[in-house]
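Residue numbers (the working numbering): 2 to 590.
Think of the CB as a built atom: it goes at the ideal place given N, C-alpha and C, for glycine as much as any other residue.
Remember, it's a predicted structure, so these values are computed and weren't measured experimentally.
Data first, discussion second: the structure below is written as structure tokens.
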RNA sequence: GCCGGCGUAGCUCAGUUGGCAGAGCAGCUGAUUUGUAAUCAGCAGGUCAUCGGUUCGAAUCCGAUCGCCGGCUCCA
């Protein structure tokens with residue numbers, strides 16, 4: 002979703018960044034140090050270094066000053082200079098970051114400044130013709146940001162803003178932001194009683210409440226069933242292992258900082274697992290493997306713990322303890338192509354089932370520092386690329402972006418409000434099979450090294466669940482909903498009948514409850530609606546008389562009266578067929 | 001980890017220059033028996049994140065710690 006630099010929106014946002022910088026300097030003095038102010042996917046920012054701590058309370062004044070500059074309709078003037086002239090200009094302005102940025106410009110590239118009014122900035126452009134062309138903008142927030150993104154550099158203040166060609170588009174964007182906020186899984190997680198994180202327990206550790214745990218168990222059942230179908234076997238492995246194991250795997254060498262500290266048991270150090278691979282490998286090594294045994298596809302919902310820095314934790318999306326839907330495939334060279342195709346096909350099916358259809362892939366190739374034979378890298382990359390083409394998945398090649406131990410495909414799925422999430426990953430590993438000396442006996446009766454592929458479809462159950470909550474805005478489809486239908490008797494005279502209805506539905510393994518509270522029907526409908534329950538079944542005297550229920554679907558109002566069994570079948574069908582939303586067609590009269 | 005902001009009842013939030021800690025919703029009890037998005041009344045609920053300091057007096061000012069939020073960095 003990168004903007005084309007030639008586009009009006011790009012130039013407008015880029016120009017707005019200059020206007021913001023000009024406004025900040027008008028308000029806080031010309032000694033404000035400027036770094037850069039690029040356009041972004043949905044706005045722009047500018048990085049400043051100034052004594053005053055900027056905050057939202059400063060935004061109205063900055064916005065007002067920006068409006069003035071826009072009203073002044075200052076033309077943007079492009080000024081091409083020599084390097085010496087540029088140095089002199091920047092030194093005159095005493096801009097220490099700009100002087101370093103100047104040094105980054107390649108010798109063969111033109112050096113340009115852009116001037117609008119009193120404001121002059123080293124800049125590649127392009128810009129709009131004059132500040133009056135900037136139509137609709139709004140400052141959003143301010144946050145710290147390392148100069149050049151390096152942890153050891155000074156922290157600048159980054160002011161984020163957004164800008165659009167029309168007021169209407171800006172309002173739409175702000176509404177989308179508001180919509181995203183309403184869907185925030187942390188908010189819905191509390192409101193729908195799905196999960197929590199407890200301060201007493203520790204950050205990044207998830208407690209699944211009954212509602213969330215119910216959804217999770219359905220997802221896991223589905224996952225297991227489909228894995229068996231796809232030719233996988235399931236494993237369960239320990240949560241901890243001795244340091245010698247992690248020494249062999251190399252984790253203690255390059256991953257120790259991200260592992261939970263060891264505990265001493267019987268004079269041995271044990272580490273909580275940050276990954277499942279070594280355990281799967283141990284099972285592989287537990288006997289001699291023949292080429293006839295391959296491919297082996299071993300999957301595990303493996304719970305791992307990683308020490309993530311406190312500042313990076315985020316709801317369910319970045320946690321310290323999580324369950325990977327992990328699998329390892331061990332195969333022969335002539336099997337890998339087929340295996341990769343199968344994984345991609347499987348991944349597509351899984352995502353589609355949950356309602357995600359827009360998937361893009363990133364193929365990461367061999368980095369400079371890496372292990373493994375070149376021929377293996379080439380075969381692996383070719384098989385990954387071939388599979389992507391075969392399945393028609395759009396992809397970009399990230400040249401040299403692979404892990405040191407092998408090439409990979411990362412897939413991003415787009416949710417219904419346009420955000421992308423990295424989930425599925427398929428990674429070759431040329432490192433662990435060496436370290437653990439994995440072998441299989443070939444048809445030639447000689448030992449060979451198998452290919453090993455790590456793959457996760459969801460990535461982690463926690464993260465996937467968080468994404469699902471946001472995708473559905475908490476309104477789970479019938480097959481996933483913790484409570485699929487709530488039965489609402491009009492008065493307590495229908496309580497017995499309501500329980501009979503509930504029993505009929507439960508006999509079909511539907512998840513239903515009876516709201517027995519002596520509240521008015523309107524109040525109980527409201528509560529069921531807020532709990533985002535797919536179906537509400539209202540039963541009064543008339544329904545009890547007829548052996549029927551009045552069906553109300555989430556968000557759709559009264560659909561009419563139908564017999565209990567017909568209603569049960571309707572809900573059951575949606576569950577079995579995994580419909581993404583409840584059927585809201587009215588019952589035929 | 002870094003920069004900035006924040007932490008008051010289960011939730012959402014008031015709380016003035018330092019002077020007796022509040023509301024709505026949720027909860028509990030009672031009344032109401034209701035026909036498709038909020039019935040009424042009463043009750044209960046707090047070590048103002050934690051620890052320390054300043055002060056006659058701290059939710060309020062200062063410091064530390066913990067946690068959360070927005071980013072940055074990180075996510076072999």
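Query: List, from N- to C-terminal side, the beta strand (DSSP E) runs of 3 residues or more that fit wholly inside the segment 464–530.; Result: 486–490, 513–515
Query: Please determine, among 53, 52, 38, the residue with the shortest C-alpha to C-alpha distance to residue 46.; Result: 38
Query: Just to confirm before moving on: does the CB-CB distance between residue 541 and residue 193 stay below 7 angstroms?; Result: no
Query: Span of the beta strand (DSSP E) holding residue 1?; Result: No answer is possible for residue 1: the residues shown for the chain start at 2 and end at 590.
Query: Taking only the alpha-carbon atoms, compute the straight-line gap between residue 34 and residue 134 and give it to the nearest angstrom.; Result: 26 angstroms
Query: Rounded to whole angstroms, what's the CA-CA distance from residue 442 to residue 181? Just pull it up for me.; Result: 54 angstroms
Query: Going by DSSP, which residues form a beta bridge with residue 116?; Result: 78, 121
Query: Hey, residue 100 and residue 92 are a contact pair by Cβ (cut 8 angstroms); roughly how many whole angstroms apart?; Result: 7 angstroms
Query: Closest to residue 342 by C-alpha separation, out of 172, 384, 359, would be which residue?; Result: 384
Query: Please state the DSSP three-state secondary structure of residue 307.; Result: coil
Query: Say whether the segment 494–510 touches the segment 527–536, bearing in mind that this needs 3 or more beta-carbon pairs closer than 8 angstroms, one atom from each stretch.; Result: no
Query: For the beta strand (DSSP E) containing residue 330, name the first residue and the last one.; Result: 322–332
Query: In chain order, what residues of the same chain have a beta carbon less than 6 angstroms from the beta carbon of residue 290, not counting five sequence neighbours either side?; Result: 441
Query: Counting Cβ pairs closer than 8 angstroms, one from the segment 120–138 and one from the segment 166–175, do we hit at least three?; Result: yes
Query: Would you say residue 591 and residue 372 are within 7 angstroms of each other, going by their C-beta atoms?; Result: A query on residue 591 cannot be resolved here, the shown segment of the chain reaching from 2 to 590 and no further.
Query: Any idea which residues DSSP pairs residue 24 with across the strands?; Result: Looking at the DSSP assignment, residue 24 forms no beta bridge with any residue, so it has no partner.
Query: Can you tell me which of 569, 251, 379 puts its alpha carbon nearest to the alpha carbon of residue 436?; Result: 251
Query: Drop a sphere of 10 angstroms on the beta-carbon of residue 459, count the other beta-carbons inside from all chains shown, and report buried for 16 or more, exposed for fewer.; Result: buried
Query: Measure the Cβ-Cβ separation of residue 305 and residue 274 and say whether it is below 7 angstroms.; Result: yes
Query: Could you tell me the boundaries of the beta strand (DSSP E) in which residue 355 lies?; Result: Residue 355 -> no beta strand (DSSP E), and no H or E assigned at all.
Query: From residue 206 to residue 249, what does the alpha carbon distance come to, in whole angstroms?; Result: 28 angstroms
Query: Can you tell me whether DSSP reads residue 44 as helix, strand or coil?; Result: strand
Query: Out of 552, 484, 399, which has the shortest C-alpha to C-alpha gap to residue 637?; Result: Residue 637 cannot be examined here, being either before or after the span of the chain that is shown, 2 to 590.
Query: List the endpoints of the continuous beta strand (DSSP E) containing residue 452.; Result: 452–461
Query: First and last residue of the alpha helix (DSSP H) that includes residue 421?; Result: Unbroken run through residue 421 is the beta strand (DSSP E), 421–429; no alpha helix (DSSP H).
Query: Buried or exposed, going by whether 16 or more other CB atoms sit within 10 Å of the CB of residue 115?; Result: buried
Query: Report buried or exposed for residue 9, applying the criterion of at least 16 other Cβ atoms within 10 angstroms of its Cβ.; Result: exposed
Query: Thinking C-beta only, is residue 360 closer than 7 angstroms to residue 276?; Result: no
Query: What residues are listed by DSSP as bridge partners for residue 158?; Result: 49, 145
Query: If distances are taken between C-alpha atoms only, which option among 74, 482, 94, 106 comes closest to residue 84?; Result: 106
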